[in-house]
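Trainee: Before anything else, here's the structure in question.
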Amino acid sequence: MRLITHNMLSCNIKGVTNGFPLKIESVTVVEKEVDFNPDFLRHMFAKIEWKALVEGARSMGYEELPEDSPDASELESDDETFLRKLHHALLELHLEEGALVCPETGRKFPVNKGIPNMLLHEDEV
């Protein structure tokens, strides 16, 4: 599971009001090279919840993203350093094994072979 996916997932257990962001408990993280596309990153940047991305990246061992969200000038700069760090975090880090944890209930959703299992139990619907 990539962090771009993680950034869009939340806990949907009945009665949960604060189900985002899910905390990541990583067991196995792999890096898979993906073609760099700065236009895609500029487009996606506005849709990303920055704090959740930084927390997710750090829980997977990646410390290169700044704590605070950068401004638009860094996205448009000729220096692609920031965009390459964002690219690596969003698209090249993969959580292969671990769990996603609801911040409100502590319910763990397993991630196996890179696929998060977000199915709810009957009493959670």
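For the sequence shown, the positions run 1489 to 1613 when the working numbering is used.
All C-beta atoms in this analysis are idealised placements derived from N, C-alpha and C, irrespective of residue type, glycine included.
#1: How would you write the range of the alpha helix (DSSP H) that residue 1542 sits in, first residue to last?
#2: Express the C-alpha separation of residue 1509 and residue 1546 in angstroms, rounding to a whole number.
#3: So, at 7 Å on beta carbons, what are the nonlocal neighbours of residue 1570 in its own chain, with the 5 sequence-adjacent residues on each side left out?
#4: Spell out a yes or no on whether the stretch 1516 to 1529 and the stretch 1491 to 1498 are touching, meaning 3 or more CB-CB pairs, one atom from each, closer than 8 Å.
#5: DSSP three-state call for residue 1581: helix, strand or coil?
#6: I'd like to know if the stretch 1548 to 1555 and the stretch 1571 to 1585 are in contact, where contact means that at least 3 CB-CB pairs between them fall below 8 Å.
#7: So which of 1513, 1503, 1506 has the shortest CA-CA distance to residue 1604?
#8: Am I right that residue 1495 and residue 1555 are in contact with their C-beta atoms under 8 Å? What's the rounded C-beta distance?
#9: Out of 1497, 1503, 1498, which one is the CA nearest neighbour of residue 1613?
#10: Look at the Cβ atom of residue 1599, then the Cβ atom of residue 1580, and state whether they are nearer than 8 Å.
#11: Buried or exposed: where does residue 1542 fall if 16 or more other Cβ atoms within 10 Å of its Cβ makes it buried?
Mentor: Result, derived from the coordinates:
#1: Taken as a continuous stretch (DSSP letters only), the alpha helix (DSSP H) holding residue 1542 covers 1538 to 1547.
#2: Each residue's Cα considered, the two are about 13 Å apart.
#3: 1558, 1562
#4: no
#5: Residue 1581 falls in the strand class under three-state DSSP.
#6: Contact annotation: the stretch 1548 to 1555 touches the stretch 1571 to 1585, with at least three C-beta pairs closer than 8 Å.
#7: 1513
#8: Residue 1495 to residue 1555, Cβ: 16 Å. No contact.
#9: 1503
#10: no
#11: Buried.
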